[in-house]
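Written out below as structure tokens is the structure these notes cover.
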């Protein structure tokens, strides 16, 4: 974009307003902060295991704000999580504050399908020690635990989960290994994106009726080699009584909501079940 400098973009993303002390406390990181590959790996893993993937504000009708102050107020200060735009835009601002060059991108979710979906997933490329890495703390239950080098055929195996990055024409494709074999998770091109691009994608994802995030509560988190998943009123595939949702939010996912908010979420999940 003509006239758009790196400093201007950093200001638009709110990098200078990142509260590093609060963020590092939230993810439990007390190690080095030099912009190295090891620091990136450690921060990525700590973020994924500390901050849950969730869409609860969409279901509660509050909408999702992407400015850095809102992201920090929610994901850092309020014992909440968020979905891909919130997670990765916060992580990107933190990384840039630490001195990493970061490119914010939008990807097409595939989940094993060939049809062309809109670019609705936020992810990142990070330059470190002369190598570009794919970093993504916001893909939920199928997402990366640690960054993967942006190289055709790059493999990542962490805690029993496997990913593979490769080329498909002019796109990069991230695959995940499942019992039935490798499936394409999402694809992307390397090109510049701006805050307005993410605002449009966020609005689409949080409002269009066909979006999975407007139907019922979705929460996913990885910790200690285990992935926990709440979808509607099913916790790890098991039926959950509506009255237990509030306790599950707190005890399983560490999410702090009021009891009446949990009741709204449970009612929405029940309504979706009844119309399914």
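Numbering (my numbering), first residue to last: 1256 to 1531.
Ideal placement from N, C-alpha and C gives every residue a C-beta, glycine not left out.
Residues that residue i bridges to, as DSSP identifies them
i            : result
residue 1358 : 1380
residue 1403 : 1389
Opening and closing residue of the beta strand (DSSP E) in which residue i lies
i            : result
residue 1430 : 1426-1433
residue 1441 : 1436-1443
residue 1386 : 1386-1390
residue 1423 : 1416-1423
residue 1270 : Per DSSP, residue 1270 belongs to no beta strand (DSSP E) and is neither H nor E.
Whole-angstrom distance between residue j and residue i, CA atom to CA atom
i            : j            : result
residue 1276 : residue 1315 : 30 Å
residue 1395 : residue 1306 : 10 Å
residue 1355 : residue 1290 : 6 Å
residue 1443 : residue 1426 : 5 Å
residue 1402 : residue 1499 : 35 Å
residue 1438 : residue 1371 : 15 Å
residue 1494 : residue 1266 : 46 Å
residue 1586 : residue 1463 : Residue coverage of the chain in this structure runs from 1256 to 1531, which leaves residue 1586 outside it and unanswerable.
residue 1327 : residue 1520 : 23 Å
residue 1429 : residue 1478 : 22 Å
residue 1419 : residue 1451 : 30 Å
residue 1376 : residue 1502 : 30 Å
residue 1409 : residue 1530 : 43 Å
residue 1480 : residue 1416 : 9 Å
residue 1518 : residue 1431 : 35 Å
residue 1308 : residue 1473 : 8 Å
residue 1364 : residue 1461 : 15 Å
Terminal residues of the alpha helix (DSSP H) in which residue i lies
i            : result
residue 1413 : Taken as a continuous stretch (DSSP letters only), residue 1413 belongs to no alpha helix (DSSP H), being part of the beta strand (DSSP E) at 1409-1413.
residue 1512 : Counting along the chain, residue 1512 falls outside any alpha helix (DSSP H), and DSSP gives it neither H nor E.
residue 1276 : 1275-1282
- Query: Using 8 Å as the threshold, is the region 1318-1325 in touch with the region 1514-1527, meaning 3 or more CB pairs across them?
  - Reply: Fewer than three beta-carbon pairs drawn from the region 1318-1325 and the region 1514-1527 are found closer than 8 Å, and the two stretches are therefore not classed as touching.
- Item | Whole alpha helix (DSSP H) elements within the region 1431-1510, 4-residue minimum | Within the region 1431-1510, the complete alpha helix (DSSP H) segments of 4 residues or longer fall at 1450-1462, 1500-1506, listed in chain order.
- Query: Quick one: complete alpha helix (DSSP H) runs, 4+ long, within the region 1303-1382?
  - Reply: Here the runs fully enclosed are 1311-1314, 1323-1326, 1339-1353.
- Message: Does the region 1403-1410 come into contact with the region 1372-1389, if we say contact requires no fewer than three beta-carbon pairs (one atom in each stretch) closer than 8 Å?
- Response: yes
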